[in-house]
Amino acid sequence: MIIDYDIHQLTPYINWDYFFYAWGMHNKPEAERQKLQKEAVAVLSDLEGRYKIHALFLLLDAHSEGDDIVVDNHDGTVRLPFLRQQEPDSECLCLADFIQPLTSNPSPLTSKIGLFATTVDMGMEKDFDNDAYQKMMVQLLADRLAEAAAECMHEAVRKTYWGYAPDENLTMQQLHVEQFQGIRPAVGYPSLPDTSFNFLLNEILDFHQIGIRLTESGAMKPHASVSGLMIAHPQARYFSLGTIGEDQLRDYARRRGLPVEVVRKYLSANL
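For the sequence shown, position 220 matches number 219 in numbering that gives the first Met the number 0, and the numbering has no gaps at all.
Put into structure tokens, the structure is as follows:
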């Protein structure tokens with residue numbers, strides 16, 4: 000499923016706190032932040048009609064096998080390996096814990112998974128090279144719009160496409176602090192730190208459909224792009240993977256079908 004958004008559709012979903020933080024304005028007086036936001040809204044108005052933001056997602060039947068999630072794609076099954084917390088004081092959580100094993104009585108909440116990516120038109124990152132300030136402003140707004148697209152898309156998934164929360168009625172502030180049921184872990188974030196996981200998502204979603212290409216490390220271009228999972232388990236929660244041991248590194252490399260030293264580069268921050 001592909002959804003193309005106009006800028007005005009996503010403006011209400013922008014989390015301005017992150018925008019201020021990116022500018023180094025999060026601790027500035029409210030009046031200064033309001034002035035910057037007013038300027039940003041004017042830039043968004045100027046960009047309206049020139050650029051779009053794109054979302055791509057699939058909802059697939061899935062089951063867990065150990066620390067893997069096996070998804071039923073139209074071409075057959077695809078195995079998605081994950082990592083588990085290993086530090087002594089952790090809960091030893093893994094994202095696969097929130098998907099049920101194969102069973103004859105599957106739950107609509109825990110036997111399905113959502114995969115997604117969002118991005119902006121590449122022009123938002125290339126068309127302002129002659130004005131350093133404008134380039135920075137548009138880039139930071141593009142980052143916020145890609146995140147806003149993920150927020151808006153996920154809301155539609157919960158209420159309509161997956162439909163497990165049809166009566167959800169949250170304020171924007173509640174959405175931003177993720178008071179909805181389920182989680183939306185993004186690639187590169189604490190519970191899913193391996194950016195090369197994007198290669199697995201790309202095999203299923205075909206990022207090219209919305210203009211995303213991957214670098215050798217799995218980073219996305221345009222930079223203002225987000226990818227990840229949608230999980231509906233009522234007890235699903237975010238966690239930080241933390242430090243993993245050599246044993247798990249080698250097991251994960253085996254499950255990924257990659258050389259250990261290649262995976263070591265991807266997970267250097269967690270070793």
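Cβ atoms here follow ideal geometry from the backbone N, Cα and C, with glycine treated the same way.
Note that the coordinates shown come from a computational prediction; the quantities given were computed from them, not determined experimentally.
Restricting to Cα atoms, I'd like to know which of the options is closest to residue i.
i       : options                            : result
Gln-178 : Val-186, Gln-85, Leu-169           : Leu-169
Leu-79  : Asp-96, Glu-90, Asp-88, Gln-85     : Asp-96
Thr-102 : Leu-92, Leu-82, Ala-149, Ser-63    : Ser-63
Val-70  : Asp-5, Gly-227, Ser-110, Gly-181   : Ser-110
Ile-6   : Asn-201, Asp-45, Phe-206, Pro-28   : Asp-45
Glu-150 : Gln-36, Glu-29, Gln-133, Ala-116   : Ala-116
Ile-112 : Ile-243, His-232, Lys-27           : His-232
Leu-92  : Asn-269, Tyr-237, Gln-36, Met-135  : Tyr-237
Val-42  : Gly-241, Gln-133, Gln-234          : Gln-133
Arg-183 : Gln-172, Gln-8, Leu-94             : Leu-94
Val-40  : Val-259, Thr-242, Lys-27, Leu-9    : Leu-9
Gly-244 : Val-262, Phe-206, Gly-227          : Val-262
Gly-181 : Met-229, Gln-99, Phe-196, Gln-36   : Met-229
Gly-75  : Gly-65, Ala-61, Leu-82             : Ala-61
Asn-269 : Tyr-4, Ser-190, Asn-14             : Ser-190
Glu-38  : Phe-206, Glu-260, Met-135, Pro-192 : Met-135
Ile-13  : Leu-257, Asp-246, Met-152          : Met-152
Leu-139 : Pro-258, Trp-22, Leu-257           : Trp-22
Gly-256 : Val-77, Pro-28, Gln-234, Thr-242   : Val-77
Asp-246 : Glu-29, Pro-28, Leu-82             : Leu-82
Thr-242 : Ser-267, Ser-226, Gly-227          : Ser-267
Ser-226 : Leu-114, Ala-30, Pro-28, Lys-27    : Leu-114
Just grab the DSSP bridge partners of residue i for me.
i       : result
Phe-115 : Phe-56, Gly-227
Ile-62  : Correcting the residue type first, residue 62 is His in the shown sequence and not Ile. The partner list for His-62 (beta bridge, DSSP) reads Val-69.
Met-219 : Leu-213
Lys-51  : Asp-5
Gly-286 : Summary: the structure shown does not reach residue 286, with the chain confined to residues 0 through 270, and so no result is reported for it.
Cys-93  : Arg-83
Pro-100 : Ser-63
With a threshold of 7 Å on Cβ separation, who are the neighbours of residue i within its own chain once the five nearest residues in sequence on each side are excluded?
i       : result
His-222 : Glu-124
Lys-158 : Ala-164, Pro-165, Glu-167
Asn-72  : Leu-59, Ile-203
Arg-254 : Asp-67, Pro-80
Pro-11  : Met-171
Asn-201 : Leu-213
Leu-273 : Missing from the structure shown is residue 273; the chain here goes from 0 to 270 and no further.
Gln-274 : Nothing in the structure corresponds to residue 274, since the chain is present only between 0 and 270.
Keeping to the same chain, check which residues put their C-beta closer than 6 Å to that of residue i; ignore five residues upstream and five downstream.
i       : result
Phe-19  : His-25, Arg-32
Val-137 : Met-123, Phe-127
Arg-212 : Lys-220
Ala-141 : Val-119, Met-123, Ala-223
Trp-161 : Leu-58
Tyr-4   : Ile-52, Ala-148
With a threshold of 8 Å on Cβ separation, who are the neighbours of residue i within its own chain once the five nearest residues in sequence on each side are excluded?
i       : result
Ile-1   : His-53, Ala-54, Leu-55, Gln-208, Ile-209
Thr-194 : Val-186, Gly-187, Ser-216, Gly-217, Ala-218, Tyr-265
Ala-155 : Ile-2
Asp-16  : His-25, His-175
Glu-90  : Gln-84, Phe-238
Phe-198 : Leu-213, Gly-217
Pro-258 : Ala-252
Gln-99  : His-62, Ser-63, Pro-105, Ser-106, Thr-109, Ser-110
Gln-234 : Phe-97
Gln-28  : The sequence shown places Pro at residue 28, not Gln. Within the same chain, Pro-28 has no close Cβ partners at all.
Counting only C-beta atoms, is residue i closer than 7 Å to chain B at any point?
i      : result
Arg-78 : No chain B is part of this structure, which consists of one protein chain only.
Would the C-beta of residue i count as close to the ligand SAH, meaning under 6 Å from any of its heavy atoms?
i      : result
Glu-31 : Looking at this structure, you won't find the ligand SAH or any other ligand, since it has none at all.
On the three-pair Cβ rule with 8 Å, is the stretch 40-58 touching the stretch 120-140? Yes: the two stretches touch, three or more of their Cβ pairs being nearer than 8 Å.
Segment contact flag, the stretch 100-117 with the stretch 240-250, C-beta cutoff 8 Å, min 3 pairs: In short, these stretches do not touch, since the Cβ pair count stays below three.
Counting only runs of 4+ residues fully inside the stretch 158-201, write out the alpha helix (DSSP H) ranges in chain order. Runs found: 171-175.
Between the stretch 131-145 and the stretch 85-93, are three or more C-beta pairs nearer than 8 Å? Flag = no, the stretch 131-145 and the stretch 85-93 do not touch.
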